[in-house]
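Down below is the structure, laid out as structure tokens.
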Amino acid sequence: FTTVAEHDYFICDFVAQDDANCNPFTVHNYPGSWLDRASRVPQALYDRDPVFAHLNASPVPILWSQLDYAQAGALEVWEEAAAAGISAGVAVAVECARGFTLRLGLSRDSARKISATEAVDLRAHLSLFSACLKARVVDLFIPEIRKTLPHLTVRELDALRWTREGKTAWEMGKILGISNGTANFHLQNAQRKLASSDKHQAVLRALELRLIE
């Protein structure tokens, strides 16, 4: 965790997409000098910010520096941040639920180049920390997140629970006293409502959202 400890600042954003029913929030320890400078940077430059572009497109942590901003044509943003002591860092975006994203960033005032080994470790540590933080965020905001989700029937939830236990549709039907076709019908409905590509992904989504335990 050496490279993690070397970072001076952090920021944690919980943002809602597509008018989801949740109040976004930000927690950080950025210096006031950066906040003042940031407010004067033209929005057109922020629209080219390579860190935000990456976070919106990939769940893989990004290590960023001056070069990334220069290549994106947003060097002025980096220059303002560097003047306030923020010149390099790492960031990651984690989907908490449908329409909700947690963005976590660490930054530092250091030009020291991070080795390839340190970069791998830093990405791994940040991913692990963000996953733990995600669990706490979902615990705090799950009542609001639940309101945005489609309603699953008792039978659909039963189908997900028995799928989690490794039961086939035929076994599920015997347990619930329904036909194999009906068991599949409930499971497919649950998949559709949870926007999942298969039954296993549907189970994972249901567990994440505390719809089943």
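Here our numbering is used: position 4 in the sequence shown is 1265, and no number is missing along the way.
Every residue gets a Cβ at the ideal spot worked out from N, C-alpha and C, and that includes glycine.
Candidates the options: closest to residue i by CA position
| i | options | result |
| --- | --- | --- |
| residue 1298 | 1290, 1330, 1337 | 1337 |
| residue 1395 | 1441, 1353, 1460, 1325 | 1353 |
| residue 1470 | 1367, 1412, 1369 | 1412 |
| residue 1384 | 1398, 1350, 1462, 1374 | 1350 |
| residue 1339 | 1301, 1446, 1289 | 1301 |
| residue 1345 | 1306, 1335, 1291, 1377 | 1291 |
| residue 1309 | 1323, 1331, 1326 | 1331 |
| residue 1371 | 1445, 1388, 1327, 1456 | 1327 |
| residue 1322 | 1271, 1387, 1286 | 1387 |
| residue 1380 | 1444, 1429, 1324 | 1324 |
| residue 1288 | 1415, 1295, 1271 | 1271 |
Cβ pair residue i, residue j closer than 7 Å
| i | j | result |
| --- | --- | --- |
| residue 1467 | residue 1448 | no |
| residue 1426 | residue 1450 | no |
| residue 1319 | residue 1355 | no |
| residue 1376 | residue 1347 | no |
| residue 1333 | residue 1306 | no |
| residue 1464 | residue 1424 | yes |
| residue 1456 | residue 1441 | no |
Buried versus exposed, by CB contacts within 10 Å (16 or more), residue i
| i | result |
| --- | --- |
| residue 1364 | buried |
| residue 1357 | buried |
| residue 1280 | Confidence at residue 1280 is low in this model, with a pLDDT of 49, below 50, so the placement of that residue should be treated as unreliable; the coordinate-derived value is given next. Exposed, because fewer than 16 other Cβ atoms sit within 10 Å of the Cβ of residue 1280. |
| residue 1472 | buried |
| residue 1268 | buried |
| residue 1434 | buried |
| residue 1311 | buried |
| residue 1436 | exposed |
| residue 1293 | exposed |
Start and end residues, alpha helix (DSSP H) containing residue i
| i | result |
| --- | --- |
| residue 1437 | 1430-1437 |
| residue 1412 | Counting along the chain, residue 1412 falls outside any alpha helix (DSSP H), and DSSP gives it neither H nor E. |
| residue 1460 | 1460-1469 |
| residue 1374 | Per DSSP, residue 1374 belongs to no alpha helix (DSSP H) and is neither H nor E. |
| residue 1447 | 1441-1454 |
Residue interval of the beta strand (DSSP E) (run including residue i)
| i | result |
| --- | --- |
| residue 1365 | 1361-1369 |
Open item on the list: Going residue by residue through the segment 1281-1359, where are the continuous alpha helix (DSSP H) segments of at least 4 residues, counting only ones entirely within it?
Closed with: 1293-1299, 1304-1307, 1311-1318, 1327-1332, 1336-1344
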